[in-house]
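Here the structure is laid out as structure tokens; the discussion comes afterwards.
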Ligand code: F6R
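In this note's numbering, the protein residues as written are 16 to 627.
Here you go:
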């Protein structure tokens with residue numbers, strides 16, 4: 016996904032821009048570039064490929080400058096190529112633009128601008144912004160770039176975070192934002208721009224999160240903000256509290272395995288402030304009144320990918336504990352299927368980034384119908400965080416690996432706490448029972464650690480299954496819900512085809528695919544469903560598949576039926592998802608490692624999907 020950076024100050028801008036671009040590499044990209052003002056002249060250097068390619072170009076053409084913007088592009092309109100890479104310039108070449116998002120009306124705008132004599136050099140939607148700015152500078156803004164940006168933004172439809180450098184403003188950067196994140200980092204006598212605060216962290220922790228429709232002009236000394244009409248506005252400074260070290264690999268080969276090992280702490284942090292020092296449930300500042308909670312008639316959970324699979328666990332949970340009908344939907348389906356919104360319902364959006372375009376659209380759709388939205392996001396200040404009615408954040412810390420792991424587990428924590436809290440308020444669970452479950456939840460970080468301490472079996476499994484081309488994941492109830500996430504993780508990182516099925520579905524189709532040596536990962540921890548799952552294991556084994564069984568510590572009868580056994584600590588059935596997801600995560604990591612995959616940046620995938 017695209018990334019924007021910018022710098023203005025006394026220091027040499029190019030090394031700072033390159034460093035910040037490297038910090039955004041994890042988002043995935045196909046080309047990169049910078050635009051700077053060199054002796055007052057707008058100079059663009061860009062290339063298809065990696066940041067190292069850009070850095071090599073810049074070494075050939077050293078630029079001693081103090082102001083500039085940079086970009087990593089992930090192609091949406093037009094192939095990955097150098098002409099399509101950002102920054103883009105207009106006819107005059109005197110200003111350059113970097114952009115994240117999609118300009119939906121760019122075809123019409125381009126046609127109009129071409130009619131006015133503008134010559135386009137790329138296939139991108141972004142280039143229209145540069146030409147449009149030139150047009151507005153001449154007609155309407157009287158040479159004032161700040162005004163031109165306000166006017167140009169009024170003509171743009173879609174999502175954008177834009178940063179501009181221009182020869183007419185050698186001491187200023189300009190920015191505008193709608194539906195695509197942009198932050199300004201505040202330094203001493205210098206300021207920074209980034210689409211993601213991770214890029215700014217080594218330079219400053221004080222940031223301004225821009226809101227939709229904010230236009231900004233940034234000098235060395237300060238920042239002025241306005242709305243699109245030019246009325247001055249104010250945004251509060253946010254102090255970022257994450258540790259920079261938390262965003263680095265910390266001795267592990269990959270962010271993925273580092274982040275898996277951070278799961279115990281991520282759970283503890285997410286419980287903090289919601290469980291009191293006596294270990295009792297204490298969700299106090301939710302922003303949903305007890306009356307709202309009592310009135311609840313329906314819950315919708317909407318999310319994408321891994322966050323959606325966390326929601327599938329939530330559906331089981333809310334229905335089981337609250338007896339409130341709960342729908343869990345993929346955001347891209349939900350937003351277009353004209354859902355029926357009922358009064359007294361709550362829509363829960365789940366998102367690590369808080370920026371996923373389809374989830375954000377679902378949030379807005381629900382609000383348009385008067386439905387209250389509760390957001391479970393990991394990025395404070397993200398669009399979902401700002402736009403939802405109620406926030407109940409995960410505290411997983413920055414997740415750098417494209418594949419989500421620790422965020423998923425903390426998304427479960429938030430849903431469990433909500434379910435327990437709602438159930439107590441609605442009188443469906445006694446406070447004592449909720450506190451008993453919270454007591455067990457407090458033991459989970461230690462139990463996850465025990466599983467992490469036994470990593471050897473996953474390396475052994477990885478060695479054994481290196482040649483396998485298909486994997487199946489089976490389970491029932493909550494074990495089935497977690498299997499979905501296990502299969503997603505395996506396919507996205509190892510590139511081995513993986514599918515998850517509710518074990519009861521076997522006879523309805525997938526049994527045809529069970530034959531000699533096909534690996535089948537069966538999770539069988541739900542006590543009430545154990546006998547049924549064991550029958551499924553026997554069916555699969557009868558077809559000579561290779562069965563890996565994930566069972567409770569106390570299970571003594573599985574060994575004779577399967578090829579491999581993984582035992583995990585005991586807890587209540589309902590809390591098992593916190594533990595059953597860890598083995599598939601470790602198996603995925605070690606299999607992908609053995610296969611030499613690009614673990615942190617799997618092909619074709621990006622961390623934050625801010626386009627449809
Ligand atoms: C998979 C993964 C993705 C994301 C999905 C939603 O490992 O990370 O499936 O879960 O793109 O992203 P968020 O949670 O940021 O809305």
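All C-beta atoms, glycine included, are put in the ideal place defined by N, C-alpha and C. These numbers come from a predicted model, not from an experiment.
Check                                                                                                               : Outcome
Three-state class that DSSP yields for residue 501 in the structure shown                                           : helix
Any non-hydrogen atom of ligand 1 closer than 7 Å to residue 564 Cβ                                                 : no
Pairwise C-alpha distance: residue 158 and residue 411                                                              : 46 Å
Cα-Cα separation, residue 626 to residue 229                                                                        : 20 Å
Classification of residue 154 by the beta-carbon crowding that lies within 10 angstroms, buried from 16 upward      : exposed
Length-filtered (3 minimum) beta strand (DSSP E) runs lying within the region 310-360                               : 313-318 and 341-345
Status (buried if at least 16 other CB within 10 Å, exposed otherwise) for residue 189                              : buried
Inter-residue Cα distance where the pair is residue 586 and residue 455                                             : 7 Å
Residue 94 to residue 201 span [Cα, whole Å]                                                                        : 35 Å
Distance cut-off 7 Å: residue 367 Cβ against heavy atoms of ligand 1                                                : yes
Residue 590 to residue 408 span [Cα, whole Å]                                                                       : 20 Å
beta-carbon residue 320 near ligand 1 non-hydrogen atom, thresh 7 Å                                                 : yes
Collapsed DSSP secondary structure at residue 274 in the structure displayed                                        : helix
For residue 88, the three-state DSSP class (helix, strand or coil)                                                  : strand
Alpha helix (DSSP H) segments (min. 4 residues) lying fully within the region 160-192                               : 160-170
Delimiting residues of the beta strand (DSSP E) encompassing residue 491                                            : Run containing residue 491: none; DSSP gives neither H nor E here.
Supposed contact pair residue 601 and residue 509 - C-beta distance, whole angstroms, cut 8 Å                       : Not quite, the Cβ-Cβ distance comes to about 12 Å (not below 8 Å), so this is no contact.
Alpha-carbon to alpha-carbon, residue 531 and residue 558                                                           : 6 Å
Proximity winner among 611, 387 and 351, relative to residue 361 (alpha-carbon distances)                           : 387
Rounded separation between residue 507 and residue 617 - CA only                                                    : 7 Å
Selection from 504, 216 and 96 that minimises the alpha carbon distance to residue 44                               : 96
CA nearest to the CA of residue 492, picked from 301, 250, 382 and 546                                              : 546
Cβ pair residue 21, residue 178 closer than 8 Å                                                                     : yes
Minimum C-alpha distance to residue 556 - residue among 568, 541, 537 and 567                                       : 537
Same chain only: Cβ atoms within 6 Å of residue 473, ignoring 5 sequence neighbours per side                        : 601, 602 and 605
Residue 198 versus residue 213 - alpha carbon distance                                                              : 10 Å
CA-to-CA distance, residue 146 to residue 128, given in whole angstroms                                             : 7 Å
Length of the line joining the Cα atoms of residue 431 and residue 151                                              : 52 Å
Residue 534, enclosing beta strand (DSSP E) - first and last residue                                                : 534-539
Residue 49 and residue 83 closer than 8 Å at C-beta                                                                 : yes
Cβ-based burial, residue 553 [other Cβ within 10 Å; buried from 16]                                                 : exposed
Helix, strand or coil at residue 207 [DSSP, three-state]                                                            : strand
Residue 351 classed as buried or exposed, judged by whether at least 16 other C-beta atoms fall within 10 angstroms : exposed
The region 519-533 in contact with the region 577-584 per 3-pair CB rule at 8 Å                                     : no
Residue 588 versus residue 23 - alpha carbon distance                                                               : 55 Å
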